[in-house]
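In terms of the numbering used here, the sequence shown opens at residue 1 and continues consecutively. Don't be surprised by glycine CBs; every beta carbon is placed ideally from N, CA and C. A short write-up of the structure that comes next.
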Amino acid sequence: MPSTAACCAICGRVAACRSIRSRPRAWTVSKPCWPLSTSAGCPPAPTRSSSPGGHSRASPPGNPERRERTSPTMAQDRKARPGPFARIGQLWVRCGVTWILAPVLVVLAGTGFTIVEEGHVGIVKRWGKAVAQLDPGFHFIVPLADSIEKIEVRQRRNVEELRAATGNQLPITASVSINWTVNRESAMDLFIAYGGLDQFETRILDPKLRSAAKAALAKFPADRLIRNRQDAVAAIMANMTAALEPFPVTINSPQIETIELPPRYAEAVLEKERSRENAEREKHALERQRLNALQAVNSAEANARAKRIQAEAEAFRVTTEAAAEAEAIRLVSEELARSPRYIELARTKRWNGVLPTTMLDAGATPLLSLK
Numbered sequence: 001m002p003s004t005a006a007c008c009a010i011c012g013r014v015a016a017c018r019s020i021r022s023r024p025r026a027w028t029v030s031k032p033c034w035p036l037s038t039s040a041g042c043p044p045a046p047t048r049s050s051s052p053g054g055h056s057r058a059s060p061p062g063n064p065e066r067r068e069r070t071s072p073t074m075a076q077d078r079k080a081r082p083g084p085f086a087r088i089g090q091l092w093v094r095c096g097v098t099w100i101l102a103p104v105l106v107v108l109a110g111t112g113f114t115i116v117e118e119g120h121v122g123i124v125k126r127w128g129k130a131v132a133q134l135d136p137g138f139h140f141i142v143p144l145a146d147s148i149e150k151i152e153v154r155q156r157r158n159v160e161e162l163r164a165a166t167g168n169q170l171p172i173t174a175s176v177s178i179n180w181t182v183n184r185e186s187a188m189d190l191f192i193a194y195g196g197l198d199q200f201e202t203r204i205l206d207p208k209l210r211s212a213a214k215a216a217l218a219k220f221p222a223d224r225l226i227r228n229r230q231d232a233v234a235a236i237m238a239n240m241t242a243a244l245e246p247f248p249v250t251i252n253s254p255q256i257e258t259i260e261l262p263p264r265y266a267e268a269v270l271e272k273e274r275s276r277e278n279a280e281r282e283k284h285a286l287e288r289q290r291l292n293a294l295q296a297v298n299s300a301e302a303n304a305r306a307k308r309i310q311a312e313a314e315a316f317r318v319t320t321e322a323a324a325e326a327e328a329i330r331l332v333s334e335e336l337a338r339s340p341r342y343i344e345l346a347r348t349k350r351w352n353g354v355l356p357t358t359m360l361d362a363g364a365t366p367l368l369s370l371k
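And the structure:
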């Protein structure tokens with residue numbers, strides 16, 4: 001038998017012949033698929049037709065009179081309808097797109113904002129270029145295009161160990177610290193110029209601190225540095241202020257943490273310090289004795305002055321009383337001269353009205369003169 005190029009006129013594929021047998025509705029093909037060669041691999045497919053009782057029955061392949069012709073519209077609809085494998089493929093495609101897009105959307109949503117903590121400022125880099133500065137708080141950024149570099153604007157502290165020479169050419173090892181702060185409004189300029197605080201410290205701050213400390217320590221002898229470091233600290237502050245004037249930072253409170261002297265010189269300095277302390281102690285003892293003697297003299301003078309004042313007060317009291325008594329006698333004498341009976345008046349004023357109980361003389365003595 002001759003073979004045809006397709007199994008049927010509906011699908012045009014060999015695989016469609018098996019799906020023809022599984023269709024519940026009665027339909028047939030315009031060209032028979034059965035006279036195919038064995039190499040085509042398409043088994044004969046029976047057609048289904050409706051029986052008078054409403055049931056479909058299979059027609060044998062050898063009865064062409066039982067086959068029914070399908071309308072062209074129905075054949076096109078069946079050809080346009082996707083098969084089960086096509087529908088499964090579409091479902092897999094949709095699931096794959098969803099699984100791919102979901103992480104992408106999550107990543108985009110997570111990179112579309114940023115939070116800048118207090119004490120920092122944010123530098124916005126768009127495709128690697130610094131374009132804006134953000135204050136502390138919540139900010140929206142462009143996903144994937146923008147990234148944030150945070151610059152601390154709180155006070156920072158740097159410590160440097162260095163070898164230097166004093167004013168009397170004595171080698172020493174010193175530890176110097178300094179506090180500094182980035183100016184908030186110029187943080188972006190510092191980032192553009194140096195790329196961050198660590199780079200600024202390494203390239204600018206630390207070398208200038210070492211240079212300023214060495215220059216300041218060279219102005220003072222070792223014994224003065226040990227006794228009083230404030231002058232050297234003030235010199236370091238002046239040197240650092242002048243050196244960092246072009247940069248957007250503020251310098252605060254440098255300190256000389258430690259100073260290590262050579263062992264022999266350190267022992268000599270300590271001996272000198274002990275002698276000076278002993279002299280100061282003796283001077284203090286002499287000063288205390290002088291103060292004690294002065295206190296005794298002051299106490300004696302105060303006592304003498306108090307006694308003199310007391311004697312003067314007593315003499316004044318006696319003199320005043322004597323003068324008052326003399327004046328009283330004078331007044332009484334003058335009154336007696338003018339009125340002899342003044343004594344009787346005084347006696348009458350002093351009598352309390354009680355008669356005496358004992359009389360020494362038997363004679364009559366008048367108590368009051370009523371004349």
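Inset, instruction - Can you grab the Cα-Cα spacing for the pair PHE200 / GLY119, in whole Å? - result: Approximately 18 Å between the Cα atoms of the pair.
Inset, instruction - List in chain order: all unbroken alpha helix (DSSP H) runs of 4+ residues lying wholly within the region 171-220. - result: Here the runs fully enclosed are 187-194, 197-200, 206-217.
Inset, instruction - Could you please give the first and the last residue of the uninterrupted alpha helix (DSSP H) stretch that includes LEU270? - result: Segment 263-338, the alpha helix (DSSP H) holding LEU270.
Legend entry - Three-state secondary structure (DSSP) of VAL233: Correct three-state label for VAL233: helix.
Legend entry - Under 8 Å between C-beta atoms of ASN183 and GLN155: Judged by their CB atoms, ASN183 and GLN155 are not nearer to each other than the 8 Å cut-off.
Inset, instruction - Compute the beta-carbon to beta-carbon distance between ILE375 and ALA285, rounded to the nearest angstrom, for a pair I have assumed lies under 8 Å. - result: The structure shown does not extend to residue 375, since the chain is modelled only from 1 through 371, so no value can be given for it.
Legend entry - Whole-angstrom distance between LEU190 and LYS219, CA atom to CA atom: Each residue's Cα considered, the two are about 33 Å apart.
Inset, instruction - Determine contact between the region 244-262 and the region 293-300, defined as no fewer than three beta-carbon pairs at a distance below 8 Å. - result: Flag = no, the region 244-262 and the region 293-300 do not touch.
Inset, instruction - Assuming GLU160 contacts ARG210 (C-beta within less than 8 Å), just tell me the rounded distance between them. - result: Right, the Cβ-Cβ distance comes to about 5 Å (below 8 Å), so this counts as a contact.
Legend entry - Between the CA atoms of TYR265 and ASN168 - distance to the nearest angstrom: Cα atoms of ASN168 and TYR265: separation of roughly 12 Å, rounded to the nearest angstrom.
Inset, instruction - Would you mind giving the Cβ-Cβ distance between LEU162 and LYS208, rounded to the nearest angstrom? I have them listed as a contact below 8 Å. - result: Approximately 12 Å separates the beta-carbon atoms of LEU162 and LYS208; this is outside 8 Å, ruling out the contact.
Inset, instruction - List in chain order: all unbroken beta strand (DSSP E) runs of 3+ residues lying wholly within the region 105-174. - result: Listed in chain order, the beta strand (DSSP E) elements of length 3 or more contained wholly in the region 105-174 are 113-116, 120-126, 129-134, 137-140, 146-152, 156-165.
Inset, instruction - Since I believe ILE204 is in contact with PHE138 (beta carbons under 8 Å), could you give me their beta-carbon distance rounded to a whole number of angstroms? - result: Incorrect: roughly 33 Å between the Cβ atoms, too far for contact.
Inset, instruction - Quick one: grab the DSSP three-state call for ASN352. - result: In the structure shown, ASN352 sits in coil (DSSP, three-state: anything other than H, G, I, E or B).
Legend entry - N- and C-terminal bounds of the beta strand (DSSP E) containing ASN228: Counting along the chain, ASN228 falls outside any beta strand (DSSP E), and DSSP gives it neither H nor E.
Legend entry - Reference THR181, options TRP127, PHE113, ARG290, THR250, closest by Cα: Of TRP127, PHE113, ARG290, THR250, the residue nearest in Cα terms is THR250.
Inset, instruction - Hey, could you find the ends of the beta strand (DSSP E) PRO254 is sitting in? - result: Per DSSP, PRO254 is one residue of the beta strand (DSSP E) stretching across 249-260.
Legend entry - Inter-residue Cα distance where the pair is LYS150 and THR111: Near 16 Å, if we compare the C-alpha coordinates of THR111 and LYS150.
Legend entry - Whether GLU117 touches PRO136 by CB criterion (8 Å): Result yes, Cβ atoms of GLU117 and PRO136 sit closer than 8 Å.
Inset, instruction - Would you decide whether ALA235 is buried or exposed? Buried here means 16 or more other CB atoms lie within 10 Å of its CB. - result: It counts as buried.
Inset, instruction - Find out if the Cβ-Cβ distance for the pair ALA222, ILE172 is shorter than 8 Å. - result: Taking 8 Å as the Cβ cut-off, ALA222 and ILE172 qualify as a contacting pair.
Legend entry - Exposure of GLY122, with buried meaning 16 or more beta-carbon neighbours within 10 Å: Result: buried.
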